[in-house]
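Student: Under full-length UniProt numbering, the residue at position 404 of the sequence shown is numbered 404, and the numbers go up by one with no gaps. Cβ coordinates follow ideal geometry from the N, Cα and C atoms, glycine included.
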Amino acid sequence: MPGGGRHRRRIRIALPVAAAGVAAAVAAALLTTSAGAATPLPQPAVKPAVAGSPSLAELEQRVAGAIAGDDVAGKTSKASLSAGTVTGSVDAKIIGGSQTTITSAPWMAQLHYYDDRGTSSTGDDIGFFCGGAVVAPTKILTAAHCVKGYDWHGNGAIVTGTSQLPSADGTDLHGGTVTGVWRQWSHPSYSATTIDNDIAVLTLPVPVKATPIRMTTSGDTASYATGTSAKVYGWGRTSSTSDDISETLKTATLPIQSDATCSAAYGADFVKGHMVCAGKPATGSDTGTTTACNGDSGGPLVVNNRIVGVVSWGVTDCVAKGAYSVFSKVSTYVGAAYPRLDDTNINGDHRADVWVRNASTKTGYSKNSNGTSLAARESWGDWNGVNVVLQTDLDRDGYQDLVYRVSSTGDVYWTHYVISSGTWATKQIADNWASRTRIITPGDVTGDYLPDLLSVDSAGAMWIYPGKGNGTFASRVKVGTGWNQYNSVRGKGDFTGDGKTDLIARSKTGGTIYLYKGTGKSGTGAFSGRIKVRTWSSTTYNAFDAVGDMTGDGKADFLARTPGGTLYLYAGTGKATSEIFATRKSVATDFKQYDIFG
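And the structure:
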């Protein structure tokens with residue numbers, strides 16, 4: 001994409017234009033502080049894939065280049081942005097909005113992109129700016145048109161923790177923090193022509209301290225009711241007559257409009273169900289108009305402290321008479337985006353990997369997913385003396401952890417990678433869980449974006465241990481009883497596409513497979529009534545595993561092993577019916593040798 005001349009703060013960017021017009025203190029059973037181990041603890045021999053972090057000088061250069069840039073992120077074949085003709089000072093606010101603080105919106109993030117194209121000329125440089133929101137310590141929700149087609153790992157810088165834009169040279173962050181980008185994901189069906197499915201997630205190499213904000217749920221309809229007050233945030237253009245973006249964070253209150261109103265204004269450009277528009281009809285000038293504008297793209301539209309929309313597109317110069325701001329409808333996309341919040345795996349791509357232990361040698365191995373097959377195994381050393389190993393990310397740092405139970409004591413430990421030291425740290429999290437028939441690390445059960453722990457006791461009662469995001473837990477909450485009727489209860493992520501964590505259970509008698517849909521709540525309402533989705537007897541499969549999204553399509557997948565050792569991948573479809581999984585695919589034939597699956 002060609003660049004242009006460099007102009008201080010004159011970023012004509014990031015808002016594609018349409019043509020027309022996110023029980024007491026667990027009794028002594030669960031520990032919330034570090035404890036010593038009675039037996040030697042297994043230490044992973046493998047270091048996870050760690051993103052190389054650019055130097056501070058490099059990040060500052062990227063910020064400076066983005067600030068000076070005047071390119072259009074995700075420029076499409078629709079009507080392009082036109083440059084303003086007036087320069088100089090303007091009233092600094094989202095058009096019709098007002099100044100706000102980072103305290104009121106601590107999750108706001110600045111996305112700076114600069115690519116000098118490897119030449120000495122500035123004429124071909126690409127520099128632009130987008131907004132975004134911190135939705136987990138290492139995750140930024142933004143728009144696909146800000147991400148698709150760009151190398152954010154090689155050229156991006158994310159600034160959090162400040163309401164001000166950095167200085168022109170990128171060195172003064174006004175109290176904020178700058179980080180690089182490790183990975184990027186944009187919706188696989190994003191269209192640069194129609195700006196449809198305009199949602200993306202960036203993964204940072206290190207957690208940021210910014211307080212995350214949650215996306216709304218898939219079943220949310222109230223937030224989109226006509227007239228509902230929503231707030232948009234950003235550093236975008238402050239006037240239709242100037243390309244200058246705002247030096248400080250702004251916000252504006254916009255009423256949600258009906259699909260009928262949006263369709264009447266934009267015709268086929270507005271895709272019902274995928275988009276939502278908000279604001280009062282623009283007047284044709286800054287006067288009387290309140291709207292998002294260029295530079296706000298990727299930023300959040302918020303209702304009741306939840307992201308309901310992502311700034312997507314608008315009209316040239318933002319104030320054309322009768323126009324509205326258009327946002328990606330987050331309730332539609334939370335099912336696709338949420339798995340990216342919990343997509344930790346061993347080698348650092350967007351596909352969940354498999355951890356196993358050899359039954360005879362007790363050696364642990366990881367096998368990276370290639371999408372529909374597994375790579376060669378990698379040894380993790382001696383894992384003798386444990387009888388449960390589970391893959392998770394209790395501290396939400398983007399690097400996969402392991403939870404395991406020691407056979408001799410029943411004690412449960414959490415081992416996690418410490419990025420700063422390049423070593424593994426281990427702490428005891430539960431005492432004498434030898435009689436627990438199931439331990440599960442499915443991700444976020446309670447809807448607070450923090451990973452939880454589940455266990456089933458000897459009486460068949462299931463308990464939720466709500467995670468605090470640091471390897472400790474709040475007081476346990478009882479889900480219900482009867483869970484010992486199952487000989488397998490597995491879960492990691494969302495099987496139904498609604499952005500909520502689910503479970504898969506197999507009955508001891510008959511081999512019936514049930515789906516327990518997560519509700520995002522705690523206690524007895526944590527899961528909906530079970531749904532029969534398959535029948536798999538023990539002669540068909542004798543082991544299962546759920547490690548998340550192995551194919552990288554945003555849907556949780558399932559693994560099943562035959563008594564003969566063939567491992568089948570059942571790719572998730574997102575359907576809460578008998579069609580929950582696609583046709584099985586053999587990914588290995590030598591899995592009879594393994595007795596523990598993570």
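Can you check which of these residues, Asp259, Leu559, Arg306, is closest to Ser223 by C-alpha distance?
Tutor: Counted from its first residue, the sequence shown places residue 223 at position 223. When each option's Cα is compared against that of Ser223, the closest is Arg306.
Student: Give the DSSP-derived three-state secondary structure of residue 664 in the structure shown.
Tutor: The requested residue 664 is not part of the displayed model; the chain covers only 1 to 598.
Student: Please state whether the Cβ-Cβ distance between Ser488 and Ile504 is less than 9 Å.
Tutor: Stepping through the sequence shown from its first residue, residue 488 is reached at position 488. Stepping through the sequence shown from its first residue, residue 504 is reached at position 504. Yes.
Student: Report all residues from its chain with a CB closer than 8 Å to the CB of Ser98; omit the five preceding and five following residues, and keep chain order.
Tutor: Taking the sequence shown and counting its residues from 1, one reaches residue 98 at position 98. The answer, listed in chain order, is Lys250, Thr251, Ala252.
Student: Confirm, please, whether the CB-CB distance from Asp395 to Val206 is below 9 Å.
Tutor: Stepping through the sequence shown from its first residue, residue 206 is reached at position 206. Stepping through the sequence shown from its first residue, residue 395 is reached at position 395. No. Outside cutoff.
Student: Going by beta carbon distance, what residues of the same chain come within less than 6 Å of Ala571, once the five residues before and after it are set aside?
Tutor: For this step, residue 571 is matched to residue 571 along the sequence shown. Same-chain partners within the cutoff: Thr551, Asp557, Ala582.
Student: At which residues does the alpha helix (DSSP H) containing Arg306 begin and terminate?
Tutor: Reading the sequence shown from its first residue, position 306 is the one you call residue 306. That residue, Arg306, is in no alpha helix (DSSP H); its beta strand (DSSP E) goes 306-313.
Student: For the putative contact between Trp107 and Ala210, defined by C-beta atoms under 8 Å, what is the C-beta separation to the nearest angstrom?
Tutor: In the sequence shown, residue 107 corresponds to position 107, counting from 1. In the sequence shown, residue 210 corresponds to position 210, counting from 1. Right, the Cβ-Cβ distance comes to about 6 Å (below 8 Å), so this counts as a contact.
Student: I'd like to check one pair, Pro339 with Asp549: are the Cβ atoms closer than 9 Å?
Tutor: On the sequence shown, residue 549 is found 549 positions in, with the first residue counted as 1. On the sequence shown, residue 339 is found 339 positions in, with the first residue counted as 1. Their beta carbons are under 9 Å apart, which means Asp549 touches Pro339 by this criterion.
Student: Below 9 Å between beta carbons: does that hold for Val445 and Asn484?
Tutor: One-based indexing of the sequence shown puts residue 445 at position 445. One-based indexing of the sequence shown puts residue 484 at position 484. Going by C-beta atoms, Val445 is not nearer than 9 Å to Asn484.
Student: Report the start-end ranges of each beta strand (DSSP E) in the segment 191-230 that is 3 residues or longer and not cut off at the edges.
Tutor: Listed in chain order, the complete beta strand (DSSP E) runs (minimum 3 residues) inside the segment 191-230 are 200-203.
Student: Enumerate, from N- to C-terminal direction, the unbroken beta strand (DSSP E) stretches of 3 or more residues contained entirely within the segment 143-177.
Tutor: 156-160
Student: Does DSSP classify Gln391 as helix, strand or coil?
Tutor: Residue numbering aside, residue 391 sits at position 391 when the sequence shown is read from its first letter. In this structure, Gln391 counts as strand in the three-state DSSP scheme.
Student: Extract the residue ranges of the beta strand (DSSP E) inside the segment 361-407, only unbroken runs of 3 or more that lie entirely within it.
Tutor: 363-367, 378-382, 386-392, 401-406
Student: Over what stretch of residues does the beta strand (DSSP E) that includes Thr437 continue unbroken?
Tutor: Position 437 of the sequence shown, counted from the first residue, corresponds to residue 437. No beta strand (DSSP E) contains Thr437, which DSSP labels as neither H nor E.
Student: If you measure between the beta carbons of Asn197 and His274, is that distance less than 9 Å?
Tutor: Translated into positions along the sequence shown, residue 197 becomes position 197. Translated into positions along the sequence shown, residue 274 becomes position 274. Their beta carbons are under 9 Å apart, which means Asn197 touches His274 by this criterion.
Student: When you compare each of Ser312, Ala337, Phe270 to Val201 by their alpha carbons, which one comes out closest?
Tutor: The residue given as residue 201 occupies position 201 in the sequence shown. The shortest Cα separation from Val201 among Ser312, Ala337, Phe270 belongs to Ala337.
Student: For Gly36 and Lys427, I'd like the C-alpha separation in whole angstroms.
Tutor: One-based indexing of the sequence shown puts residue 36 at position 36. One-based indexing of the sequence shown puts residue 427 at position 427. For Gly36, the predicted structure reports a pLDDT of 46, less than 50, and the residue's modelled location is therefore unreliable. A value from the coordinates is still provided. Looking at the two C-alpha atoms, the distance is approximately 7 Å.
Student: List the endpoints of the continuous alpha helix (DSSP H) containing Leu249.
Tutor: Here the question's residue 249 lines up with position 249 in the sequence shown. Run containing Leu249: none; DSSP gives neither H nor E here.
Student: Give a yes or no on contact between the segment 526-538 and the segment 500-518, applying the rule of three or more CB pairs nearer than 8 Å.
Tutor: Segments in contact, yes.
Student: Just the Cα atoms here: how many angstroms apart are Arg584 and Ala375?
Tutor: By 1-based counting over the sequence shown, the position of residue 584 is 584. By 1-based counting over the sequence shown, the position of residue 375 is 375. Arg584 and Ala375 have their C-alpha atoms spaced approximately 18 Å apart.
Student: Go ahead and label Lys329 buried or exposed: buried means 16 or more other beta carbons lie within 10 angstroms of its beta carbon, across all protein chains shown.
Tutor: Taking the sequence shown and counting its residues from 1, the one referred to as residue 329 is at position 329. By the 10 Å Cβ count, Lys329 comes out buried.
Student: Distance, Cα to Cα, Lys139 vs Gly554?
Tutor: Reading the sequence shown from its first residue, position 139 is the one you call residue 139. Reading the sequence shown from its first residue, position 554 is the one you call residue 554. Using only the alpha carbons, I get a separation of about 15 Å.
Student: Give, in chain order, every unbroken run of the beta strand (DSSP E) that is at least 3 residues long and sits entirely within the segment 513-551.
Tutor: 531-535, 543-548
Student: From the DSSP output, read off the bridge partner residues of His416.
Tutor: Along the sequence shown, one-based indexing puts residue 416 at 416. Under DSSP, His416 forms a beta bridge with Ala425.
Student: Going by DSSP, what residues sit across from Gln99 in a beta bridge?
Tutor: Position 99 of the sequence shown, counted from the first residue, corresponds to residue 99. Note: Gln99 sits in a beta bridge opposite Lys250.
Student: What does a CB cutoff of less than 6 Å around Gly299 pick up in its chain, not counting 5 residues either side in sequence?
Tutor: Here residue 299 refers to the residue found at position 299 of the sequence shown. Cβ within range, chain order: Gly131, Tyr233, Gly234, Val311.
Student: Run the CB neighbour count on residue 601, radius 10 Å, all protein chains shown included, and call it buried at 16 or more, exposed below.
Tutor: The structure shown does not extend to residue 601, since the chain spans only 1 to 598, so no value can be given for it.
Student: Shortest alpha-carbon distance to Leu204 belongs to which of Val547, Val418, Ala136, Gly574?
Tutor: Within the sequence shown, numbered from 1, the residue matching residue 204 stands at position 204. Checking every option, the nearest Cα to that of Leu204 belongs to Ala136.
Student: Is residue 607 helix, strand or coil by DSSP?
Tutor: Missing from the structure shown is residue 607; the chain here goes from 1 to 598 and no further.
Student: On the DSSP letters alone, give me the boundaries of the beta strand (DSSP E) that Leu453 sits inside.
Tutor: Locating residue 453 in the sequence shown gives position 453, counting from the first residue. Counting along the chain, the beta strand (DSSP E) containing Leu453 begins and ends at 452-456.
Student: Just to confirm the assignment, what range does the beta strand (DSSP E) spanning Gln184 have?
Tutor: As a working mapping, residue 184 is identified with position 184 in the sequence shown. It spans 183-186 - the beta strand (DSSP E) in which Gln184 sits, taken as one unbroken run.
Student: Could you check the C-alpha separation between Ser578 and Gly511 for me, to the nearest Å?
Tutor: Within the sequence shown, numbered from 1, the residue matching residue 578 stands at position 578. Within the sequence shown, numbered from 1, the residue matching residue 511 stands at position 511. C-alpha separation (whole angstroms): 14 Å.
Student: Beta-carbon within less than 7 Å of Ala45's beta-carbon, same chain only, minus the 5 sequence neighbours each way: which residues are those?
Tutor: Numbered from its first residue, the sequence shown carries residue 45 at position 45. Cβ neighbours of Ala45 within its own chain (closer than 7 Å, five residues either side excluded): Ser379, Trp380, Gly381.
Student: Of the choices Ala268, Thr101, Val326, whose alpha-carbon is the least far from that of Gly279?
Tutor: By 1-based counting over the sequence shown, the position of residue 279 is 279. That would be Val326, whose Cα lies nearest to the Cα of Gly279.
Student: Taking the alpha helix (DSSP H) that Ile67 falls in, what are its first and last residues?
Tutor: Within the sequence shown, the letter at position 67 stands for residue 67. Start and end: 56-68.
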